[in-house]
Amino acid sequence: MLEYLVSLVVHGTKTSSTFKMVHYNGCGKALQEKFGIVRTGEQVKNHLKTWQKRFRKICDIHGLSAANWDEDTCTITLDDEHYNNHIKDHKSDADFLNKPIQHFEEMNTIFGSTMATGKFAKESSAPLGTEDGGAEDCEAEETGKSDGDAIANEDNNGATSSANKTSKICKTNNSKKSNKKSRTNVDPLVAAINRESNKIAKTIKKWANQTMMCLSMIVSMRLTYPSIMPIWSPNLT
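When you read off a place in the sequence shown, starting at 1, and then add 20, the result is the number in my numbering.
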């Protein structure tokens with residue numbers, strides 16, 4: 021589901037801040053064609069709210085002043101002391117700390133432009149900023165399902181009705197301290213291009229290092245065994 025919606029964002033099909041019903045219907049059709057899973061556009065829309073809520077939680081944890089961000093593994097890290105103190109009061113946050121966050125890149129591409137996500141692209145050794153106090157949070161109310169429930173496990177008969185009953189709770193956090201740092205939004209398309217560019221750069225660097233190692237070995241062998249591997253000279257005929 022996320023892969024399909026990400027493609028809409030990357031290719032510019034999604035032109036507004038939200039998906040339209042035609043997009044949800046198209047996603048439902050793609051799920052049926054690829055996996056044989058029957059889902060309506062309304063069900064896809066409501067399941068996306070679960071992912072949106074999950075991403076909002078990740079953004080809140082990312083905003084912890086003691087947290088660090090590892091871009092390569094998409095991991096929010098805390099040292100042992102801060103981790104233990106935080107988990108005492110927020111046990112569910114353990115799913116998002118000190119371990120790679122599954123589907124983070126997809127969520128960031130889909131929701132990153134509509135949420136105050138902060139600077140996720142920081143080095144792993146750079147402390148993250150504090151939580152943003154000026155963003156408006158609109159999230160779905162708890163439905164009893166865990167954030168990681170897959171769409172294939174939803175009940176066909178009850179998914180639509182229960183999702184329609186879900187009410188939205190919109191709250192504004194304007195009462196937070198004014199000295200908290202504001203966050204910068206990153207265009208999802210730019211973020212996707214940057215990720216691919218970084219992957220290409222790492223591949224080229226790895227290839228270059230391997231090539232240099234091979235050349236060094238050849239030169240070393242020629243110097244060690246000149247009778248077997250004569251050193252090349254422009255005067256040789």
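For each residue, glycine too, the CB sits at the ideal point set by N, CA and C.
Any idea what DSSP makes of residue 84, helix, strand or coil?
coil
Can you name, in chain order, every residue of its own chain whose Cβ lies under 8 Å from the Cβ of residue 37, other than the five neighbours on each side?
133 and 134
One question on the structure: do residue 79 and residue 64 come within less than 8 Å of each other, judged by their Cβ atoms?
no
Just the Cα atoms here: how many angstroms apart are residue 101 and residue 124?
25 Å
Excluding the five sequence neighbours on either side, which residues of its own chain have a C-beta within less than 7 Å of the C-beta of residue 45, listed in chain order?
61
Which residues mark the beginning and the end of the beta strand (DSSP E) in which residue 96 is found?
Counting along the chain, the beta strand (DSSP E) containing residue 96 begins and ends at 95 to 97.
Where the alpha helix (DSSP H) containing residue 114 begins and where it ends
Careful: residue 114 lies outside any alpha helix (DSSP H) and carries neither H nor E.
Measuring CB to CB, does residue 121 end up less than 8 Å from residue 94?
yes
Taking the Cβ atom as the reference point for each residue, do residue 98 and residue 117 lie within a distance shorter than 8 Å?
yes
Residue 92 by DSSP, collapsed to three states: which one?
coil
Cutoff 7 Å; reference residue 34; Cβ partners in own chain excluding five residues on either side:
Excluding positions up to five away in sequence, the list reads 28 and 43.
Around the C-beta of residue 327, are 16 or more other C-beta atoms found within 10 angstroms, so that it is buried, or is it exposed?
In this structure the chain extends from 21 to 257, so residue 327 is not present and cannot be described.
Give the straight-line distance between the Cα atoms of residue 107 and residue 115, rounded to the nearest whole angstrom.
Rounded to whole angstroms, the separation of the alpha carbons of residue 115 and residue 107 is 10 Å.
Quick check on residue 71: buried or exposed, where buried means 16 or more other Cβ atoms within 10 Å of its Cβ?
buried
As an exercise, report each continuous beta strand (DSSP E) stretch of at least 3 residues that is fully enclosed by the segment 31 to 90, in chain order.
88 to 90
Under the three-state reduction of DSSP, which class applies to residue 106: helix, strand or coil?
helix
Locate the alpha helix (DSSP H) running through residue 129, then write down its first and last residues.
124 to 131
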